[in-house]
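See below for the structure under consideration.
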Amino acid sequence: MATTRSRETGRQARGDIMHTHHGGIAGSALLILALVACTEGRMPDSTDGAAFFAENCVSCHGATGTGDGPMAAGLADRPTDLTHLSRDNGGTFPAARALSFIYGDPQQGHLARVMPEFGGAMAEDLVPVEIDGILTPTPRELAGLLAYLESIQQ
1 MATTRSRETG RQARGDIMHT HHGGIAGSAL LILALVACTE GRMPDSTDGA
51 AFFAENCVSC HGATGTGDGP MAAGLADRPT DLTHLSRDNG GTFPAARALS
101 FIYGDPQQGH LARVMPEFGG AMAEDLVPVE IDGILTPTPR ELAGLLAYLE
151 SIQQ
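Each residue of the sequence shown is one higher than the one before, counting from 1 in our numbering.
Here it is as structure tokens:
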């Protein structure tokens, strides 16, 4: 009798997981757990982000992130001073907004912005990053870049 009840409970639990998989907190938790399980190596940090920044961002944003890179003078709008993101957001680093802008909005199209979209090409290697209290699948390189940008806030 206990075996039958155990099987029924197991089926019900699996059913509950499958039922909530298509939405809700349980489905999100399973996605994050799967993401963490598939993540190889260590989480990217500000050192990784500094390397990405040096390779991809310095020409416009400058070596210190203040918007004074060698290409900045030729742009219609001065690049954002990345060292003041937290200051301009009430003292809190705006991780969600920064990630959204860096990742790029496919609805905008490439002519709507000067900065390249980085996310699409990186969508294969994701790591969980806490954004506004929620673990969010984020391209590994952009997770490092977010850590770096947060580290240079003044």
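Each residue gets a CB set at the ideal place from its N, CA and C atoms; glycine is no exception.
Strictly by DSSP, which residues pair up with residue i?
i: E130; result: L135
Between the Cα of residue i and the Cα atoms of the options, which residue gives the shortest distance?
i: V129; options: M115, G91, L145; result: L145
i: E150; options: G41, A50, P137; result: A50
i: F53; options: G91, F118, P94; result: F118
i: P116; options: E124, D125, L126, G104; result: G104
i: A95; options: T47, L135, V58, S59; result: L135
i: V58; options: G41, I131, A147, A72; result: A72
i: G120; options: I131, D88, L99; result: L99
i: T64; options: N56, T83, I102; result: T83
Determine, for residue i, whether the minimum Cβ-Cβ distance to residues of chain D falls below 7 Å.
i: H61; result: Protein chains in the displayed structure number just one, and chain D is not present.
For residue i, which residues in the same chain have their Cβ closer than 7 Å to its Cβ, ignoring the five residues on either side in sequence?
i: S86; result: T92, F93, Q153
i: P70; result: S59
i: D88; result: none
i: I131; result: A95, A96, L99
i: Y148; result: S46, G49, A50, F53
i: G41; result: none
Cutting at 8 Å between CB atoms, please list the residues of its own chain near residue i, excluding the five before and the five after it.
i: M122; result: P139, R140, E141, L142
i: R78; result: G67, A72
i: F101; result: M115
Excluding the 5 residues preceding and the 5 following residue i in the sequence, name in chain order all residues of the same chain whose CB lies nearer than 6 Å to its CB.
i: D81; result: T66, G67
i: H110; result: Caution is warranted here: a pLDDT of 47 is assigned to H110, below 50, making its placement in the model unreliable, and the coordinate value is therefore given only provisionally. So no residue of the chain qualifies.
i: G62; result: D68, G69
To the nearest whole angstrom, what separates the beta carbons of residue i and residue j, a pair I think is in contact under 8 Å?
i: V127; j: P44; result: 7 Å
Margin query: Going residue by residue through the stretch 57-116, where are the continuous alpha helix (DSSP H) segments of at least 4 residues, counting only ones entirely within it?
Written below: 58-61, 95-103
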